[in-house]
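Residues 1 to 494 (the numbering used here) are what the sequence shown spells out, left to right.
Glycine residues also receive a C-beta, built at the ideal position from the N, C-alpha and C atoms.
Values in this document were obtained by computation on a predicted structure and should not be read as measured data.
A short write-up of the structure that comes next.
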Amino acid sequence: MELSVLSHDLHALPLGTQLAGAALVLFLSMLALRLFSNACPGKAPPVEEGIPFVGGLIKFSKGPLPLMTELYAKHGEAFTVPLLHKKMTFLIGPHVAPHFYNATDDKMSQSEVYDFNVPTFGRGVVYDVDQRVRSEQFRWVANALQTTKLRSYVPAFKLEAEEYFSKWEDEGVVDFMAVFSELIILTASRTLLGREIRESMFREVADLYHDLDDGMRPISVIFPYLPTAFHRKRDAACAALHAIFKKVITSRRASAAKEDDILQVLIDSRYRNVYGGRATTDNEIAGLLIALLFAGQHTSSVTSSWTGYRMLANPQWWKAAQEEQRHVMAAHGDALDMDVLNGMNTLHLNIQEALRMNPPLIMVMRLAKEAFPVTTSTGKTFVVPKGHIVAASPTFAHRLPHIFKEPDEYQPDRYLPPREEDKPVKLSYVGFGGGRHACMGQNFAYLQIKTLWSVMLRNFDFELLDPVPEPDYTSMVIGPKACRVRYRRKKLVA
Ligand code: HEM
């Protein structure tokens, strides 16, 4: 049939039928468009349009938490916020989380959203390399953090803690964040960067680390290369740290002796499937050491601090932790090794609950390389479009009352039978992330924090002089605001 004949026939139809036909054609073409533009068809999450172009940005600039609170109440577990030319989809809670955490990197990619770290870590490592190289580099990190290695790090944690607290007066006032920031870098220096740096270059390295850290600000996430004074200091610190690590690596390579630290594991590592199977370069080792320092420093000091504040504000849990130390000391004396630490369940539950209430990472992110479906707890299915930045929030997910009962209450026994609130739905507890990119340092962090708190519980009494502090949402890694704590030296008797 010729087109002109078809057109003539259509005009002969009544107007109502013509309009219905036009609507049908429009509907079908929209459907086709959706089908072709989206590999996985379906309804996209609701979009909070706001003021065109800048609406989401204005809301976001007041902080991701108020934004999530408002939009979760309005839209539920999945919603999209346009941020300038980008779209960010928030997935709130465990029901919509599996793809986010479990998908392979070719589907949910980290490098595009985390590449602001490149000038801090240096070139050639982590988010500056493609996924095949990164997975080999992470294999070395996993080796360095495996159980047998962790066992050898515990004496270093204990040594650093005892030495640090031996310098305290009999009584005084401290801020836990300041205390733990120092302790964590001391313990990390010894176990991660090695004896040489801890013993002869610690102050210099700690100062350079400070400059690097200060060079990572919220603005750096969007413009990591903006020519500012703090970015210039960051770049100088990165170069200076690389030079220091290079010297240590050269002398280690020249010596036959092997040390028990993460630096040694990295020196002895080789690629398997890329770069012709060559050994690690000095630059790669330095970059990975910096990346690991960054992964563990604030996260562990923040979590150690909240553990203290929460236990002190809930005296039954402080007493339970002390009681546990008494039992452990009665059985093992002063010894603190990995098996002894692993037996401290009460302290473990306290750390876990402190981390639930205040995870240091408010948001973790990926770039959706493909569209994917999510189904909410009430059975609604949405398709997150390809190209969206996708964010999950441990902070928000940990306060959902349908997952954690009375979520604003500190209740470390919620993980014990019969409650086990973290168990029914996978990925309910994501303080250390989950799935494919779950934290590699989780066991290291627990051992480190438990060692520090064991030494503190055994040697001091503490008293909160201020109320439990509010979280400081202005920093990159969210920690507690200032809070004064009085300490008194007092030996715990077994
Ligand atoms: C209490 C302390 C810590 C907390 C709360 C924490 C939290 C996290 C979280 C939430 C992630 C997932 C990020 C994402 O999904 O995008 C992560 C990843 C990671 N963490 Fe930790 N972390 C801690 C300590 C450490 C330490 C001490 C190390 C190393 C010594 C470490 C090394 C890593 C590494 C290498 C990854 C990346 C894993 C991957 O992408 O496959 N973390 N951490």
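Should residue i be listed as close to the ligand HEM, given that the test is whether its C-beta is under 6 Å from any heavy atom?
i: residue 99; result: no
i: residue 281; result: no
i: residue 76; result: no
i: residue 440; result: yes
i: residue 437; result: yes
i: residue 346; result: no
i: residue 292; result: yes
i: residue 361; result: yes
i: residue 381; result: no
i: residue 255; result: no
i: residue 116; result: no
i: residue 111; result: no
i: residue 221; result: no
i: residue 265; result: no
i: residue 451; result: no
i: residue 432; result: yes
i: residue 287; result: no
i: residue 307; result: no
i: residue 391; result: no
i: residue 428; result: no
i: residue 303; result: yes
i: residue 141; result: yes
i: residue 156; result: no
i: residue 495; result: Because the chain is modelled from 1 through 494, residue 495 falls outside the range shown and cannot be assessed.
i: residue 364; result: yes
i: residue 299; result: yes
i: residue 296; result: yes
i: residue 445; result: yes
Closer than 8 Å by C-beta to residue i: which residues in its own chain qualify, once you throw out the five before and the five after it? Chain order, please.
i: residue 236; result: 211
i: residue 70; result: 59
i: residue 171; result: 486, 487, 488 and 489
i: residue 47; result: 79, 80, 81, 82 and 87
i: residue 244; result: 197, 201, 204, 205 and 208
i: residue 214; result: 230, 233 and 234
i: residue 469; result: 309, 480, 481, 482 and 483
i: residue 101; result: 392, 427, 430, 433, 434, 435, 436, 437 and 438
i: residue 142; result: 440
Only counting the same chain, and skipping five residues up and downstream in sequence, which positions put a Cβ closer than 6 Å to that of residue i?
i: residue 299; result: 360
i: residue 93; result: 77, 397 and 400
i: residue 428; result: 94, 403 and 422
i: residue 424; result: none
i: residue 327; result: none
i: residue 114; result: 127
i: residue 466; result: 483 and 484
i: residue 337; result: 154
i: residue 158; result: 336 and 451
i: residue 491; result: none
Tell me residue i's beta-bridge partners as DSSP assigns them.
i: residue 78; result: 91
i: residue 472; result: 479
i: residue 463; result: 486
i: residue 270; result: 279
i: residue 372; result: 384
i: residue 367; result: 109 and 389
i: residue 233; result: Answer by DSSP bridge pairing: none, since residue 233 is not bridged.
i: residue 86; result: 83
i: residue 433; result: 431
i: residue 171; result: 488
i: residue 179; result: DSSP lists no partner for residue 179.
i: residue 47; result: 80
Here's a check: name, in chain order, each residue in its chain whose Cβ is nearer than 7 Å to the Cβ of residue i, leaving out the five neighbours to either side.
i: residue 493; result: none
i: residue 116; result: 220, 221 and 224
i: residue 473; result: 63 and 65
i: residue 376; result: 76, 77, 78, 95 and 96
i: residue 111; result: 127
Note to self: Tell me whether the segment 218-237 and the segment 332-350 touch, counting them as touching only if at least three CB pairs, one residue from each stretch, are closer than 8 Å.
What the structure shows: Between the segment 218-237 and the segment 332-350 there are fewer than three inter-stretch CB-CB distances shorter than 8 Å, so the stretches are not counted as touching.
Check: Three or more beta-carbon pairs under 8 Å between the segment 119-133 and the segment 82-89, yes or no?
Finding: No: fewer than three Cβ pairs fall under 8 Å.
Next item on the list: Flag this pair as touching only if the segment 99-111 and the segment 183-201 have three or more C-beta atom pairs under 8 Å; answer yes or no.
Entry: These segments do not touch.
Next item on the list: Evaluate contact between the segment 153-164 and the segment 250-258, counting only Cβ atoms and requiring at least three cross-stretch pairs below 8 Å.
Entry: The segment 153-164 is not in contact with the segment 250-258.
Check: Would you call the segment 440-460 and the segment 348-355 touching, i.e. three or more CB-CB distances under 8 Å?
Finding: By the C-beta criterion, the segment 440-460 is judged to be in contact with the segment 348-355, since at least 3 inter-stretch pairs fall below 8 Å.
Check: Does the count of Cβ pairs from the segment 307-320 and the segment 365-374 closer than 8 Å reach three?
Finding: In short, these stretches do not touch, since the Cβ pair count stays below three.
Margin query: Does the structure place the segment 269-278 close enough to the segment 134-147 that three or more beta carbon pairs sit under 8 Å?
Written below: The segment 134-147, when compared against the segment 269-278, does touch it at the 8 Å Cβ threshold.
Notebook entry, point to check: Are the segment 148-159 and the segment 283-294 in contact at 8 Å, needing three or more beta carbon pairs?
Noted result: The segment 148-159 and the segment 283-294 do not touch, with fewer than 3 CB-CB distances between them shorter than 8 Å.
Item checked: Stretch-stretch touch, CB-based, cutoff 8 Å, three pairs: the segment 172-192 with the segment 469-483 -> With a cut-off of 8 Å, the segment 469-483 and the segment 172-192 count as touching, because enough Cβ pairs lie within range.
Margin query: Count Cβ pairs between the segment 316-327 and the segment 339-347 that sit closer than 8 Å; are there 3 or more?
Written below: Contact holds: three or more Cβ-Cβ distances are below 8 Å.
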